[in-house]
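Numbering-wise (the UniProt record's numbering), the sequence shown opens with residue 1 and increments by one.
Ideal Cβ positions, reconstructed from N, Cα and C, are used throughout, including at glycine.
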Amino acid sequence: MREILSRTGDKWTFVVLVALRERCMRFNDLHRTIDGVSHRMLVVTLRHLQRDGFIARTVYPSVPPRVEYGLSELGHSLREVLQPVEAWMSDNRPAIEASRRDFDAQSELMEE
């Protein structure tokens with residue numbers, strides 16, 4: 001259970017699942033969509049998600065080969081569970097950012 005929680009609670013897993021919620025995407029499209037993820041970290045995250053059955057990797061027979069990533073049935077079911085978390089984060093982001101600013105300002109005062 002801990003291993004599954006570690007994977008599903010991972011920062012990049014969540015972001016990839018959000019990015020793929022609407023449609024399948026190619027690697028470079030995903031990389032451009034996800035701000036801050038390195039090429040290597042995206043590769044590792046996609047491999048883990050594919051291994052765990054959350055995404056499907058489809059290779060189309062063309063030259064060069066075209067590869068797309070999309071949510072599997074299991075991935076869609078996980079997205080449904082994560083949607084309330086995503087909504088909560090969106091709703092509470094201003095309050096969290098304000099709290100961080102207040103904390104940082106107080107920390108600076110204490111250091112002086």
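Beta-carbon proximity of residue i to residue j, cut-off 8 Å
{"i": "Ile55", "j": "Gly70", "result": "yes"}
{"i": "Leu17", "j": "Leu78", "result": "yes"}
{"i": "Phe27", "j": "Val67", "result": "yes"}
{"i": "Arg7", "j": "Asp52", "result": "yes"}
{"i": "Arg57", "j": "Gln50", "result": "yes"}
Three-way DSSP call (helix, strand, coil) for residue i in this model
{"i": "Met89", "result": "helix"}
{"i": "Val37", "result": "coil"}
{"i": "Gly75", "result": "helix"}
{"i": "Glu22", "result": "coil"}
{"i": "Glu112", "result": "coil"}
heavy atom of the ligand FAD below 7 Å from residue i C-beta
{"i": "Val63", "result": "For the ligand FAD, the structure offers nothing, since it holds no ligand at all."}
Alpha carbon of residue i to alpha carbon of residue j, nearest angstrom
{"i": "Leu30", "j": "Ala19", "result": "7 Å"}
{"i": "Ser62", "j": "Ser72", "result": "23 Å"}
{"i": "Ser33", "j": "Glu108", "result": "In the sequence under discussion, the amino acid at residue 33 is Thr, which differs from the Ser named in the question. Distance between the alpha carbons of Thr33 and Glu108: 35 Å."}
{"i": "Leu46", "j": "Trp12", "result": "9 Å"}
{"i": "Glu86", "j": "Gly75", "result": "15 Å"}
Sufficient close CB pairs (3 or more, under 8 Å) joining the region 98–106 to the region 76–90: With contact defined as three or more Cβ pairs closer than 8 Å, the region 98–106 and the region 76–90 are not in contact.
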